[in-house]
Amino acid sequence: MSEKQFKTINFTLNGKRVSTSVDVRESLSDMLRDDFGLTSVKKGCEVGECGACTVLVNGEVFASCIFLAIWVDGKDVLTVEGLVDVDGNISDIQQAFIDETAVQCGFCTPGFIMSAEHLLRTGKRYTRDELRKELSGNMCRCTGYQNIINAVEKAMNARLAKAGKE
Amino acid sequence: MYDINHIYEAKSVEDAVRLRMEQPQATIIAGGSDLLISIRAGDLAGCDLISIYMIDELRGVSLDDDGTIRIGSLTSFAALTKDDIIQKHVPVLGEAADKVGGPQIRNIGTIGGNTCNGVTSADTASTLMAYDAIIELTGSEGKRLVPIEEFYLGAKRVDLRPDEIQSAILIRPESYQGYEGYYYKYAMRGAMDIATSGCSVNVKLSEDKKTIVDARICYGVAGPIPMRTRSAEQAVKGLPVSKETVEAFAAGALQDVNPRTSWRATKEFRLHIQGELARRCLTESINRAGGVWS
Numbered sequence: 001m002s003e004k005q006f007k008t009i010n011f012t013l014n015g016k017r018v019s020t021s022v023d024v025r026e027s028l029s030d031m032l033r034d035d036f037g038l039t040s041v042k043k044g045c046e047v048g049e050c051g052a053c054t055v056l057v058n059g060e061v062f063a064s065c066i067f068l069a070i071w072v073d074g075k076d077v078l079t080v081e082g083l084v085d086v087d088g089n090i091s092d093i094q095q096a097f098i099d100e101t102a103v104q105c106g107f108c109t110p111g112f113i114m115s116a117e118h119l120l121r122t123g124k125r126y127t128r129d130e131l132r133k134e135l136s137g138n139m140c141r142c143t144g145y146q147n148i149i150n151a152v153e154k155a156m157n158a159r160l161a162k163a164g165k166e
Numbered sequence: 001m002y003d004i005n006h007i008y009e010a011k012s013v014e015d016a017v018r019l020r021m022e023q024p025q026a027t028i029i030a031g032g033s034d035l036l037i038s039i040r041a042g043d044l045a046g047c048d049l050i051s052i053y054m055i056d057e058l059r060g061v062s063l064d065d066d067g068t069i070r071i072g073s074l075t076s077f078a079a080l081t082k083d084d085i086i087q088k089h090v091p092v093l094g095e096a097a098d099k100v101g102g103p104q105i106r107n108i109g110t111i112g113g114n115t116c117n118g119v120t121s122a123d124t125a126s127t128l129m130a131y132d133a134i135i136e137l138t139g140s141e142g143k144r145l146v147p148i149e150e151f152y153l154g155a156k157r158v159d160l161r162p163d164e165i166q167s168a169i170l171i172r173p174e175s176y177q178g179y180e181g182y183y184y185k186y187a188m189r190g191a192m193d194i195a196t197s198g199c200s201v202n203v204k205l206s207e208d209k210k211t212i213v214d215a216r217i218c219y220g221v222a223g224p225i226p227m228r229t230r231s232a233e234q235a236v237k238g239l240p241v242s243k244e245t246v247e248a249f250a251a252g253a254l255q256d257v258n259p260r261t262s263w264r265a266t267k268e269f270r271l272h273i274q275g276e277l278a279r280r281c282l283t284e285s286i287n288r289a290g291g292v293w294s
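Quick mapping for you: the protein sequence lines, in order, are chains A and P. At position 24 of the first sequence the residue is numbered 24 (my numbering), and the sequence of numbers has no breaks. At position 246 of the second sequence the residue is numbered 246 (my numbering), and the sequence of numbers has no breaks.
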């Protein structure tokens, strides 16, 4: 590996404009964890299969382990840390995961939360089968998925009701 | 940290072409959903890369004046599936793209990368080949158009010259107007899997919807590259829409395919699946085209 090669990039991270000098060989998950301390971004498989590293880039789900950090230049990145409100309260989806016991070891949870956040932002009503398809890029080896689907469905219904679509 | 020696970032297509000539040892990286994994596995450790990912002019789908569908090579699978032009004119291509990996991969992976990789299992490749898609390559002397069947030279080898990048994929109006299609991905899992075999069929019916005017079929994983089975296509032209015609189609396909035994599946199993895929895909294509069965 050759000497360090840095590049300055500017992007929005959890709602704040940031500028940072990043090694061009870093993955997005490396940068978020090591340079910004956002350890909700889990490194599970590191080959884009498990979904534990899922973050939103311009509102879409991305596997941050197989995406170069330099590519978020000018974009908007959101991690679980960005879901808490100004008072530090967790979001509705996070609460739903607690209420529905959708968490066991918790390693996959941040990835699932971000995939769910993307789905709920669309404002669409998904069937349970559609939720399964949309969450198929996230793996959980503890729960058997039922409680996760329950939690996402519960949060979705609550948001839709709040938006007057019930 | 990836074991990359150096990354050259292209800001435009011209920039990419220049970098290709200046750095002939470098590999092009688009979305990187295959390449970064190879680097991590050590297969490409210490490589030089030319990143074309930030060239936004290579994203998106448009319709040329003559009806040609132009797909920018960096269009992601997810963007392809959501695109209005794709949904209206070649919905089967959006459906095939929706079978790739999972949601996170479909936002990262690009149609250009899917074809330039030269792998037979690529979910969009068989549909593109079934639609006689044309690959647009941009090099130092301008653009070059290559039919997708000629673009594939062999397993993991494509007709991409040292000064070129793939800039677009074109589908001509005569290839899609009046056709309806269907893609079936046969894999062990419903998501996050690579096709054991895939099959894309499209069909054009007579005005009374009772006769097959034209049919095209292309397989993934029936050989080292995506494969059109012309015996099947010839076998059903002019035949009535019927169960016997569907059987003739499957028999024709099996004359041409040449799958191999790999750890994913045996040759015998793939042959069985491929006959069945021809039947199902033609049947569904006919139904989508409003076919009247006799």
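Glycine included, each C-beta is placed from N, C-alpha and C at the ideal position.
Item, Value
"Cutoff 8 Å; reference Lys75 (chain A); Cβ partners in own chain excluding five residues on either side", "Phe11, Thr12, Val57 and Asn58"
"CA-to-CA distance, Thr124 (chain P) to Leu120 (chain A), given in whole angstroms", "28 Å"
"Between the CA atoms of Lys267 (chain P) and Val246 (chain P) - distance to the nearest angstrom", "23 Å"
"Between the CA atoms of Leu38 (chain A) and Leu32 (chain A) - distance to the nearest angstrom", "5 Å"
"Per DSSP, the bridge partner or partners of Asn202 (chain P)", "P:Gly181 and P:Arg216"
"DSSP three-state assignment for Cys140 (chain A), whether helix, strand or coil", "coil"
"Which of helix, strand or coil DSSP assigns to Phe6 (chain A)", "strand"
"C-alpha distance - Gly109 (chain P) paired with Asp64 (chain P), whole-angstrom precision", "25 Å"
"Contact list for the region 11 to 36 of chain A against chain P, Cβ threshold 8 Å", "Asp23, Val24, Arg25, Glu26, Ser27 and Asp30"
"Listed by chain order, chain A residues near Met192 (chain P) by CB distance under 7 Å", "Glu49, Ser136 and Gly137"
"Rounded straight-line distance, which links the Cα of Ile165 (chain P) to that of Ser62 (chain P)", "19 Å"
"Within chain P, partners of Val61 (chain A) - CB distance below 7 Å", "Pro103, Gln104 and Asn107"
"Listed by chain order, chain A residues near Ser12 (chain P) by CB distance under 9 Å", "Here the premise fails: no neighbours, minimum Cβ distance about 16 Å."
"Alpha helix (DSSP H) runs contained entirely in the region 122 to 184 of chain P, provided each spans 4 or more residues", "123 to 130, 148 to 151 and 173 to 176"
"Inter-residue spacing [alpha-carbon to alpha-carbon] between Ile55 (chain P) and Ala222 (chain P)", "34 Å"
"C-beta neighbour in chain A for Ile50 (chain P), strict 8 Å", "no"
"Beta carbon of Tyr8 (chain P) nearer than 8 Å to that of Ile50 (chain P)", "yes"
"Neighbourhood of Lys156 (chain P) by C-beta, 8 Å cutoff - its chain only, sequence neighbours within 5 removed", "Asn117, Gly118 and Val119"
"Selected residue, minimal CA-CA separation from Thr27 (chain P), among P:Ala45, P:Ser12, P:Ser200 and P:Ala41", "P:Ala45"
"Check whether Thr138 (chain P) and Leu128 (chain P) have beta carbons under 8 Å apart", "no"
"Bounding residues of the beta strand (DSSP E) (the contiguous stretch that carries Val61 (chain A))", "Glu60 to Ala63"
"Proximity winner among P:Gly198, P:Arg70, P:Gly154 and P:Lys143, relative to Cys281 (chain P) (alpha-carbon distances)", "P:Gly198"
"Neighbouring residues, chain A, relative to Gly32 (chain P) (Cβ below 9 Å)", "Ile66, Phe67, Leu68 and Trp71"
"Endpoints, beta strand (DSSP E) assigned at Lys16 (chain A)", "Lys16 to Asp23"
"Opening and closing residue of the alpha helix (DSSP H) in which Arg270 (chain P) lies", "Lys267 to Arg288"
"Distance, Cys47 (chain P) Cα to Pro24 (chain P) Cα", "12 Å"
"Which listed residue (P:Ile37, P:Ile86 and P:Ile4) has its alpha carbon closest to that of Ile169 (chain P)", "P:Ile86"
"For Cys116 (chain P), the first and last residue of its enclosing alpha helix (DSSP H)", "Ile111 to Cys116"
"Coarse secondary structure for Gly31 (chain P), derived from DSSP in three states", "coil"
"Touching by the beta-carbon criterion (3+ pairs, under 8 Å), the region 153 to 163 of chain A and the region 27 to 37 of chain P", "no"
"Cross-chain neighbours of Gln5 (chain A) in chain P, by beta carbon under 8 Å", "His6 and Ile7"
"The region 246 to 258 of chain P / the region 143 to 162 of chain P touching (three or more Cβ pairs under 8 Å)", "no"
"8 Å Cβ cutoff met for Ser231 (chain P) and Asp193 (chain P)", "no"
"Start and end residues, beta strand (DSSP E) containing Thr54 (chain A)", "Thr54 to Val57"
"The region 11 to 24 of chain P / the region 91 to 106 of chain P touching (three or more Cβ pairs under 8 Å)", "no"
"Simplified DSSP assignment, three categories, for Met188 (chain P)", "coil"
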